[in-house]
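Working notes, beginning with the structure itself.
In full-length UniProt numbering, the protein residues as written are 1 to 522.
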């Protein structure tokens, strides 16, 4: 009953009785309580309370405004998919949200998302009997951030709505179910092995937040349409195997791709040109598949190739131009992986200063092997200097225990990031004078017998040359910072020449050496 109707009743009686005031007060208080309950409890709970409101609830939900036509739109190869951009979720304070009425159907525990500082609730098991379920976004005043391994496995569910703030979907979390579509929230960063294996999914759209899709994540479904955003990097172990995919676009962001797509009736594939040498390994080339390769553009700029001469093996490199977007992304990745470290603000300030000076130049992100024994890294790509080698760029299982035997690093390189050449079987190495920074484990366990350092080297990261067969080393006086265990476990090392400023830290920097190693401090 509305307020003006209550007033009309009171006036018509000519007086205001205590009983009338009590009744009116109760009506108003009850209405206010119900409204606040709906606002704070959220749409999910409102729907679960009354099955007849399901349609209305879906209309209220943001995701329902994305009609099916958006699923059919193509991601622009090598560029951002602006047509399918997702607005950020409206934040809700879970401490103000009541638990759902069907909470007893769930087993759950508090958790911290692996390698992050994100705390919340992990659903570990569903015990209910419903086949159409809405997994709560909030439990006990906390966000639901993870669905655990096997939590909804083999339940023959026909409809599932995922929590709004979900980050992780565990191994086999939704294996053996019967829903034909699923909206993955744009917060999800990881789907584990066989996460949606053996189901009835007909189409899937991978959100921008995801970089890794696990082995067989969507294997043995009914998929005909797959949309991958230009942020996904790793398609491990056949994530889309044994479906009904006839056409797919692999975005330029992808650096790991498995053979699993060949178990689909593929007729057309668009993929980055650096996969060209591996096509026969990834697909059944005898089945008349049409391959389209994204043309080279200067990354992050959208500019077409210029007429400058490039190396003949450019197709085997993935690379990026250093710009604000590149710097911001690297800062975000580092902070995400190293949130527990102190002085992150100082690290960010130093990193931004360093990289701002290198804007417009190129970093090698990944090299794809193609059977050559000797690798010469280009110094110029499209007329831009190659100044950096990114994390793990040459660290690949195909290089280990064989692969190429030598590498020439051009005199344009300024930094070599962590794990860049880890476990690549090299015998000798020359670091050019241009290099100022070598990252953690950059050349660890390479079987190196000799290394010559450039005269402008400033910093060497932890374990950078550990586990090699070096017999002598000469550290230039330009070096001002060396982390722990730089030459750890070099059992053949007989002679070390090192700046005198490191004498006090000798045992920490040069741990794991033979007792008869001689030191010359200069």
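Heads up, the beta-carbon is just placed ideally off N, CA and C, and yes, glycines get one too.
**Request:** Quick one: using the 10 Å Cβ neighbour count with 16 as the cut-off for buried, is residue 206 buried or exposed?
**Result:** The residue in question, residue 206, is buried, as its Cβ has 16 or more Cβ neighbours within 10 Å.
**Prompt:** residue 192: which of 239, 431, 368 and 222 sits nearest, CA to CA?
**Reply:** Ranking the options by Cα distance to residue 192, first place goes to 239.
**Message:** Taking the alpha-carbon of residue 513 as reference, which of 275, 499 and 472 has the nearest alpha-carbon?
**Reply:** Looking only at 275, 499 and 472, the smallest Cα-Cα distance to residue 513 is reached by 472.
**Prompt:** Is it right to say residue 480 is buried, meaning 16 or more other beta carbons lie within 10 angstroms of its own, or is it exposed?
**Reply:** So residue 480 counts as exposed.
**Prompt:** Which stretch, first to last residue, makes up the alpha helix (DSSP H) that contains residue 348?
**Reply:** Secondary structure note for residue 348: its alpha helix (DSSP H) is the uninterrupted segment 344-356.
**beta strand (DSSP E) segments (min. 3 residues) lying fully within the segment 403-436** = Those beta strand (DSSP E) runs which fall completely within the segment 403-436 and span 3+ residues are 406-408 and 428-430.
**Item:** Sufficient close CB pairs (3 or more, under 8 Å) joining the segment 365-384 to the segment 343-355
**Value:** The segment 365-384, when compared against the segment 343-355, does not touch it at the 8 Å Cβ threshold.
**Item:** residue 387 - containing beta strand (DSSP E), residue span
**Value:** Counting along the chain, the beta strand (DSSP E) containing residue 387 begins and ends at 384-389.
**Item:** Option in 338, 279 and 221 with minimal Cα separation from residue 115
**Value:** Of the residues 338, 279 and 221, the one whose Cα lies closest to the Cα of residue 115 is 338.
**Message:** Within a Cβ cutoff of 7 Å, which residues of the same chain sit near residue 475, ignoring the five residues on either side of it in sequence?
**Reply:** Here the set comprises 453, 497, 498 and 499.
**Prompt:** Based on the DSSP output, what are the partners of residue 294 in its beta bridges?
**Reply:** BP columns for residue 294 point to 272.
**Asked** Sorted by chain position, which residues of the same chain lie with C-beta nearer than 7 Å to residue 281's C-beta, five sequence neighbours on each side aside?
**Response** Residues 259 of the same chain have their beta carbon placed closer than 7 Å to that of residue 281, with the five preceding and five following residues left out of the count.
**Asked** Nearest to residue 202 by alpha carbon, out of 224, 211 and 158?
**Response** Residue 224 is the option with its Cα nearest to residue 202.
**Message:** residue 413 and residue 386 - do their beta-carbons sit closer together than 8 Å?
**Reply:** One thing to note: residue 386 has its Cβ within 8 Å of the Cβ of residue 413.
**Message:** Between 384, 443 and 427, which has its C-alpha nearest residue 311's C-alpha?
**Reply:** Taking only the C-alpha atoms, the option nearest residue 311 is 384.
**Residue range of the unbroken alpha helix (DSSP H) whose run includes residue 150** = From DSSP, residue 150 is part of no alpha helix (DSSP H); its letter is neither H nor E.
**Prompt:** Which residue from 460, 458 and 250 puts its Cα closest to that of residue 268?
**Reply:** The shortest CA-to-CA distance from residue 268 to any of 460, 458 and 250 is the one to 250.
**Prompt:** Got a sec, what are the start and stop residues for the alpha helix (DSSP H) residue 326 sits in?
**Reply:** Its alpha helix (DSSP H) spans residues 324-337.
**Start-end ranges of the beta strand (DSSP E) lying completely within the segment 136-205, minimum 3 residues** = Segments of the beta strand (DSSP E) lying fully in the segment 136-205: 142-147, 159-161 and 203-205.
**Message:** Alpha carbons only, please: which of 122, 158 and 143 is nearest the one belonging to residue 151?
**Reply:** Out of 122, 158 and 143, 122 has the C-alpha closest to the C-alpha of residue 151.
**Prompt:** Taking the continuous beta strand (DSSP E) assigned at residue 129, which residues delimit it?
**Reply:** Note, residue 129: premise wrong, no beta strand (DSSP E); not H, not E.
**Message:** Can you tell me which residues form a DSSP beta bridge with residue 374?
**Reply:** Bridge partners of residue 374 according to DSSP: 406.
**Message:** Using a Cβ-Cβ cutoff of less than 6 Å, which residues in the same chain neighbour residue 111 once the five nearest sequence positions on both sides are dropped?
**Reply:** Take residue 111, set aside five residues on each side of it, and the residues of its chain with a beta-carbon closer than 6 Å to its own are 122 and 146, in chain order.
**Asked** Going by other Cβ atoms of all chains shown within 10 Å of its Cβ, with 16 needed for buried, is residue 528 buried or exposed?
**Response** Nothing in the structure corresponds to residue 528, since the chain is present only between 1 and 522.
**Prompt:** Which class does residue 110 belong to by DSSP, given the choice of helix, strand or coil?
**Reply:** Residue state for residue 110 is assigned as strand, using DSSP reduced to three classes.
**Asked** Tell me, which residues are paired with residue 91 by DSSP?
**Response** Beta-bridge pairing links residue 91 to no other residue.
**Request:** Determine, using beta carbons only, whether residue 139 and residue 167 come nearer to each other than 8 Å.
**Result:** Against a cut-off of 8 Å, the Cβ pair of residue 167 and residue 139 comes out as no contact.
**Asked** What are the residues that DSSP puts in a beta bridge with residue 366?
**Response** Its beta-bridge partners are 318.
**Prompt:** With residue 172 and residue 149 assumed to form a contact (beta carbons below 8 Å), what rounded beta-carbon distance in angstroms separates them?
**Reply:** That belief holds up - the Cβ atoms of residue 172 and residue 149 are roughly 6 Å apart, short of 8 Å.
**Message:** If you reduce the DSSP assignment to three classes, tell me which class residue 29 lands in.
**Reply:** Note on residue 29: pLDDT 49, under 50, position unreliable in the model; the coordinate value appears next. In this structure, residue 29 counts as helix in the three-state DSSP scheme.
**Prompt:** When DSSP labels each residue in this structure, what does residue 281 get in the three-state scheme?
**Reply:** In this structure, residue 281 counts as helix in the three-state DSSP scheme.
**Asked** Rounded to the nearest angstrom, how far is the Cβ of residue 319 from that of residue 363, given a contact under 8 Å?
**Response** Right, the Cβ-Cβ distance comes to about 6 Å (below 8 Å), so this counts as a contact.
**Asked** Run through DSSP, which three-state label would residue 472 get?
**Response** It is a strand residue.
**Request:** Would you tell me roughly how many angstroms separate the C-alpha atoms of residue 423 and residue 438, rounded to the nearest one?
**Result:** Taking the straight line joining both Cα atoms gives about 15 Å.
**Message:** If I follow the unbroken alpha helix (DSSP H) through residue 506, where does it start and stop?
**Reply:** Bounds of the alpha helix (DSSP H) holding residue 506 are 506-509.
**Request:** For residue 490, collect the residues of the same chain with a Cβ closer than 6 Å to its Cβ; drop the 5 residues on either side in sequence, then sort them by chain order.
**Result:** Cβ within range, chain order: 468 and 470.
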